[in-house]
Each structure stands twice: as C-alpha cells, then as structure tokens.
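Protein chains in written order, with this note's numbering: chain A, 950 to 1194; chain B, 950 to 1194; chain C, 950 to 1194; chain D, 950 to 1194.
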C-alpha cells in the first residue's frame, strides 16, 4: 500500500468519524493537503461523509479543479478548502461542518470563546465570516474561489472561522488535530451556552493556557488514544490498521 | 415495477427516514400527490411511520375518502393532506409532524424564523394555526375537511404552518423537498432557541438569500446526496434502489 | 395462555418500552391492578425495567406484602403503587419514573402544565408532593404505606403527581394510557421549559381541550398504533403478539 | 480466578459502563485501591475507557510510578488518583470525567448543588479546583504529584471536586458508589441548570436528607440492581458474572 493509499484511507476514516460523532450529517466534508505536492489536496466527491469510500476520494488543485482527470460530481463548497490551503502553508487538513451546537454562535452577537481544555486547540479567537459583508445576498454557500479566499482572509491565522447561518471551517496542522478541533468545538459551544444561561460570571481558558496546550503539538499519544476510540466507535478502525504496525 | 409502485416505495422510504431522523414518532405522516390524477394522494393507513410497509399505502380523494376501495383504518388527520393539496396545485408532498424542538414555537408568542441556510426552504414566513380561532375547544386534531381547509388557509403560499400545541405541517414541490424542510425545520428551531438564550442580537437568513436558495429548485444533486444518506441511515435504501439505474 | 399470563407479558413489555423510551433507567417501575381481585397488583421484583422478564412479575397486596408466597426482593418503593390503587378504584395501572426533563419542575416554584396535545392525558393540574411537608428529612423514597398514602392524597383525582427532587408517579385507567402519559409528560416538560426560555407568552392546552381529549377514552386505535411502535422499537413485540389475533 | 483478577474485571466493566453512559469519552478514567496494599491502585494504561481490556489494567504506587514493572504508556493524569488515595484512606475508588453537562458549573460562578435524590451521594458541598490558583497558566492537566495533591486538598472530605474548564473528580467508598456518583452527577447538573432557567425558586436536597441517604452505605441491593443494568447496557455483564454465584 502506497503512502497515498494510506492517506486516502485516513481521509475515509475521518469522514466516518466526523459523521459518527455528529459533527457532519448529510452535509460537511474533510480534506488533507497532498503530502507530495502542496498545490493539491484530497477530498471526497460529493457524498455524505458517513457513506464515503476510498474510491470516492479525488485530488483537487487549489483553484478547485480536479487534478486526477475524474469527472465525478464535486462538492460545490470545495472552495472552502482551496482558500484555506492557498492562504496558509501550515494548514495540512480542513473540515467544514454545520454542527448544531455551534450554529447559534454564527448568528448571535455573542462571540464563541474556548471554555474547556479539550477545545483549546480551537484557539483564543474565533472570527465569524458573514458572506453578506462582501457578497451581499447569496445562496449562503462558498461556491467559487473568491468566496473561498474571503473566508480564508477572515480565518487568518486562527484555527476556526464560524460562517453566519451556515457552520464552521476548521484547519489543522494534521488530520488528527483538525478532527479534535471539530469534535470538541461543538462541545465547547454547548458548555459555553449552558454556562451563559446559568447567569453568573464565566471563566475562559486563558491565552497562556492555550499557548501551553498548543505547544503540545498537533499529534502525540493522547491524540492517538482518541483516534483509536473514534475509529472503533465509527466502525472504521480497519482504515487505520497499518498505523499500528 | 410501475411508476406508482416506485412512488409507493418512495413514500415508504420517506416514512422510515422521518422516523429515523426523529421528525415523527408514534404519530406523524407523509403523503405524495398522485402523479396521474391531481385529485388523489398516496398516504399510509394508520400506522406509525417507522413501521410503514408498501402494502400500507392507500390512495385517498381530496375529501379524505379512500379511492381504492380499501377499508383499512385511515389516519384521523388525513384532512391535513386533503386541505393542502386542494388549496395549492403546486403542492406535491405533505408532512405532518410533532417534532419536539419545533413545539415551543407553536405555543409561544415568539415567531419561528429561518436562521440557518439548510432551513431556508422553510420560507421566510412561518404562520401559526390555532384551532381555537375558528373552532374553539376541540380534540386538537385536524379531523374533518373544514379543519383541513382552515389550516390550508393559514398556510397560504408558505411552506410550513405551525399548529398550536400540536406540531407542524410542511408542503413541498417534491417529496425530497418536503423531507429536507421537515428535517431541518427542527434543527432551525433548536438553533434559534439557543441563539435567543445567548442574550445578544440574532441575524436571520435574509429574504434575498431565501429567494436565491429557493431558485435552486426542489431537487438536484445536493438533495440526492442527502436522500442517499438518510435512506442508508434508516436502513431503507432498497426502496430507492431503482433510482440509481 | 391464561389472561394473567398475557397480562404479565404486557407488564414486561411496558417495562421494556419505558426503558427504551428513556422514561426509566436503572430505577423506576410499572404495575397493573389484578383483573380478578382489586386488592392485588402485579409488579416486578426489584430489577431495572429494561431487564424485567415474565418470571420477575410478582403479585402484591395493597399493604405491599407479596401475595404469591415469593420472597424475592421487592422494590422498596412499591408503596407508591399500594397508595394509588387503594385510594382510587379507577386506577388500573401505575408508573413511577425519574425522567430527567420532568425533574426541574419537581424542584422549581414554576408549575408544570400541559402545553402539547399528546400530553393532555396528564390532566390540567399536576401537583407536587414534597415528602418534607409531612415527614421532614427522609431518604427521599416512598418506603412505607404511610408515605404511599400521603402521595396518593396529593395525587387526588389527578393523573400525575410530581415528587420533589425525585420524579413522578402517573396513574391510568389502562396500562396503555399510563404508558402514553409517562412517555409524553417528559416531552411536555421539555417543550414547556423551552417555551419559557423563549421569553414570550405561552399558550396552554385549555380545560375544554383536555376534557374533549379525555373523552376519547383510555385506549382506542390511536393508542394501539403507538403500542405497536413502542413495542417494536423496544424489541418486545412478541410479548404483545396474542393481541393481534 | 483470584480476587485480584476479579477486581481487574470489575475495573474493566466500570470503564465500559462509564463510556456507555456518556460519563467519559476518548478521555477519562476510573481506578480502585488495591485490596491488599493501600499504597497501590489499579488503573488502565492510557486507553479510552470504552476500549479497556483486562490486560490494560496496571498497578501504580501513590507517587504515580508503575508497581508492576510494566512500561506501557500511563495516563498523564494518573496523579489525580494518587492524590485522592494518599489524602484519604476511606477512598477506595476514583473517577475522572469531562462529562458535558457538568462542565458549565466548572467555569461559572454559580455553584453546583444536589437537587435530585439519586445524586445525594455527591454530597452537599461540591468545591471547584482551579489550577490557576496555585499553578498559574498550565496545560490544564493534573500532570504531577503536586497538582494531584492540591486537587485532593480542595476535594477535602467531599465526594466530588469540579475542575475549572476541565471536568470533575469523584471518589467513593466502593467502585459501585463512585459509579453511581459519576452517572448521576451529570444528570443532577442538567436538572439544576434547567431548573435555574425556569426562573422560579429552586429546592435543594437538604443536609438531613443527604445524611440519611449516605447512611444507606456504599453498596446494597439498589446499587446491585443498577450495576446489573449498566453492565448489561454496556455489554460487559460477563466481567461481573462471578458476582452472581
């Protein structure tokens, strides 16, 4: 099995994991940058994440065109990924999701902030991209490269950008990191919402704590533990089997 | 397999999907207008949606009487469907549901509005029908054609009408469209509720955005993707198999 | 199979249904009055409802003593059932539950009221029994006949009594009726909680609507439909099989 | 099978139960003090609780070093357990969890209190440990014995300490007791949150009630009933089989 075949299997596992953990439903997607060519990335053809198989994984250029000669229907919103990879060479993986508990913060004037340590990798600043600001009324999709670039501009050096009335885009230095961000961002949103409703004051994860936790890096044993667990729950451990040897 | 046999299978799949996605429980139903005769519609006999089989699907006239000579027990509330089909020739499919997260908006003075793009097909105006207004105290069921017509009057040209202390009725230009509305209306209600509780201001999906998204039409590849996903989750893909060929 | 054997099977199914629908967990129970002797009732020995088998069903007298010579461990709180059957000959079935969404109303000064039609059978008045009022500090269990009688006194002619910091007790004219009450009371509590949090005014099910719905009786086709569904979901349809013939 | 082999199986079952009941996810752990040597405790190597097998259970000293010569990766946060066992000889079992519904109370100025009888074993006072107070900015983990001891200091004679932005640590006189605390603490948090949001006054479980319930002891038939249920649900009854004979 080539390293690309293995990476394809990891992307499939990531799709299944995000579906099983309720981060994506019929919609949403996850990609990785191509390890041999930073101008390419791997992303499924247009399928719901829970159903994605290895043969669904296509290779795209940063302008959103397929680089593998395939003409399968692509996600309309692949430009989210194009913009993120183009803007920042450190971004190795991207997730787009409509997770329900995050959505209130995409439409509220109350900003989302990290309150739990497992979500510290989301970073201390979580901007909101509103397509109205630059594009006015649209179909609320990121359907061309201009929109993908504008979203990347608002994302900046952060890990997560919320998208008004739509969802979020998260980026990571590894597939594992962006999975962890995408799984714990909704939980952080739920906890913060509930804490606000209690009516007292709220303590946030501090910038210093975020920096220390960020220095743990985008992988490591604790993340490996989580990947084993998520994969087992989603019934897709076999796509990560080779990693054990 | 005739086109009617196929449509019956699609109605069965729709029942199972709505049950699996938590839109209906022991109660609730979904119908389609008959493709050859606009004065008829297909609807299960009185069974919980999760249990509906092809042989349960009956054919009804717009006055609620069975058109196929069958004497199986019919849903008391089939008049919801009668009223909706009678009032608007564009309505090709109808769902009635008691989805829990929508119910607070059926009893509250706070109106439900679209806040997430996946729910834009619910339309910008979601009226509430209160059976008290015209009928006073009743069993809170739509149990005759007068009530069905009054509900259709309040529904008007909208896609969804809430029903006080009871649930909602949604209509669509296709079975797929009304499924999408019925699945994302509860999610929209949950997100809006949570956003209200955050205490800040809230941004809605704009009329322009709704119009653009509505122009995408009642079907298309994105909806096909969702149907594949919902059917797989509900274990009823076989009822839609022929659609792949 | 005798009618008592059939009734035992129905009680088993009711246990499994309440567990599957999340109304009971490790704790909670359901009983029926003996059809031949109003001074007896059928209730499981002390087991979690999801695990109850036909051989677990014992027969008790209204003082809580076993009437079948068995010495299996009985639920400490069987006196809830004793009190309810003793106080009101119309009560044919009793459920005791700790359902999470009902619990806030057992400790809050805000009373629970019916807001959705499926919960109308809970009645318009839902009193709260606080064991402190008569017994002061206790283990918060209904562990003797005095406590069971005091709870029954507060229940009065109503269908449901909340129990402070503990749960609820529901009574019905049939096993099916008390199942429906117990399944929809938690949903009604959730909907009312959410409606309160929306911040506007709230409409309740009216006394006239409750009376009309109550006149539909404790059974009927609509309830049969629900029983089929709940039993199928809980994997216990076989305990109700004979009812089909 | 030795008593230690049996205890290892119980710890495995406890891991699976906590995972199945949603108390732990990829992270979290549960330990028991060694029955023959109070200076040792049994805890899994670093694995997600749902995946823990008997061969994963290691033996640790109270300084966090492995006492069985094994060099498998240990949980970074094993010092939570070290501190709790060292500080209080009555502590026989420890759970650490990030349960979502408890987390709002770890960051809010509103204290968590017992409101439901099933959570009375959590005790009347639930302190919050904030690692900032003594250690300033950290990775928000209890990663050395100093931190473990400081957490134990704040825990004091209570059963539960919340950990700011992180989770909770619970201790019990038996494995069963700490499981019950860990399962019902999140439910108590949810109920109290919801009661607060209703806007009225709230009644708590009284100190007298807590004392009476505490006197029931850390085991007994009611807890056995729950263990049977939790184990069956988690599919790990076979690890407790010998207890039936």
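We put the CB at the ideal spot given by N, CA and C, even for glycine.
Source: prediction; values computed, not measured.
Own chain residues within Cβ distance below 8 Å of residue 1123 of chain C, not counting five before or after: 1041, 1042, 1167 and 1168
Where the beta strand (DSSP E) through residue 990 of chain C begins and ends: 989-993
Secondary structure of residue 1075 of chain D, DSSP reduced to three states: coil
Residue from A/1030, A/995 and A/1057 with nearest C-alpha to residue 1149 of chain B: A/1057
Residue closest to residue 1084 of chain D, alpha-carbon to alpha-carbon, out of D/1075, D/1054 and D/1095: D/1095
Any 3 or more C-beta pairs closer than 8 Å across the segment 997-1017 of chain D and the segment 1066-1083 of chain D: no
Own chain, CB closer than 7 Å to residue 1089 of chain B, minus 5 neighbours either side, in chain order: 1080, 1114 and 1115
Listed by chain order, chain C residues near residue 975 of chain B by CB distance under 8 Å: 1174, 1175, 1178 and 1179
Closer than 8 Å: residue 1067 of chain C CB and nearest the ligand ATP heavy atom: As for the ligand ATP, it is missing from this structure, which has no ligand bound.
Chain D contact for residue 966 of chain C (CB, 9 Å cutoff): no
Option nearest residue 1162 of chain A by Cα separation, candidates A/1076, A/957, A/1065 and A/1103: A/1065
Residues, ordered as in the chain, of the segment 1044-1066 of chain D that lie near chain A by beta-carbon distance below 7 Å: 1047, 1049, 1052, 1053, 1056, 1057, 1058 and 1059
Environment of residue 1007 of chain D [buried if 16+ CB atoms lie within 10 Å]: buried
CB contact below 9 Å: residue 1142 of chain A versus chain B: yes
Inter-residue CB distance, residue 1117 of chain A and residue 1134 of chain A (contact presumed, cutoff 8 Å): 7 Å
C-beta atoms of residue 967 of chain C and residue 1046 of chain C nearer than 9 Å: yes
Check whether residue 992 of chain B and residue 1023 of chain B have beta carbons under 9 Å apart: yes
Rounded straight-line distance, which links the Cα of residue 956 of chain A to that of residue 1176 of chain A: 15 Å
Those runs of the alpha helix (DSSP H) which lie wholly inside the segment 1001-1050 of chain D and span at least 4 residues: 1028-1036
Proximity to residue 1032 of chain C [Cα-Cα], best of C/1086, C/987 and C/1005: C/987
Sequence-distant residues of its chain with Cβ nearer than 7 Å to residue 1131 of chain C (five each side left out): 967, 972, 1044, 1046 and 1119
Chain-ordered chain B contacts of residue 1161 of chain C [CB-CB under 9 Å]: 1086, 1087, 1088 and 1089
DSSP-derived helix/strand/coil call for residue 1153 of chain D: coil
Proximal residues, the segment 989-1011 of chain D versus chain C, C-beta separation under 8 Å: none
Residue 1028 of chain C and residue 1097 of chain C closer than 9 Å at C-beta: yes
Beta-carbon proximity of residue 1165 of chain A to residue 1171 of chain A, cut-off 9 Å: yes
Backbone secondary structure at residue 1089 of chain A - three-state DSSP: coil
Neighbour-count burial assignment, residue 1087 of chain A, 16 or more Cβ in a 10 Å radius: buried
Cross-chain neighbours of residue 1149 of chain A in chain D, by beta carbon under 7 Å: 1057, 1058 and 1059
Whole-Å CB distance - residue 1142 of chain A paired with residue 1147 of chain B, under 8 Å assumed: 7 Å
Terminal residues of the alpha helix (DSSP H) in which residue 1111 of chain D lies: Not the alpha helix (DSSP H): residue 1111 of chain D falls in the beta strand (DSSP E), residues 1109-1112.
Separation of residue 981 of chain A from residue 1129 of chain A, as counted between CA atoms: 15 Å
Extent of the continuous beta strand (DSSP E) to which residue 982 of chain A belongs: 978-982
CB contact below 9 Å: residue 955 of chain C versus chain B: no
Cβ distance (whole Å) where residue 1077 of chain D is taken to contact residue 1111 of chain D below 8 Å: 4 Å
For residue 1118 of chain D, the three-state DSSP class (helix, strand or coil): strand
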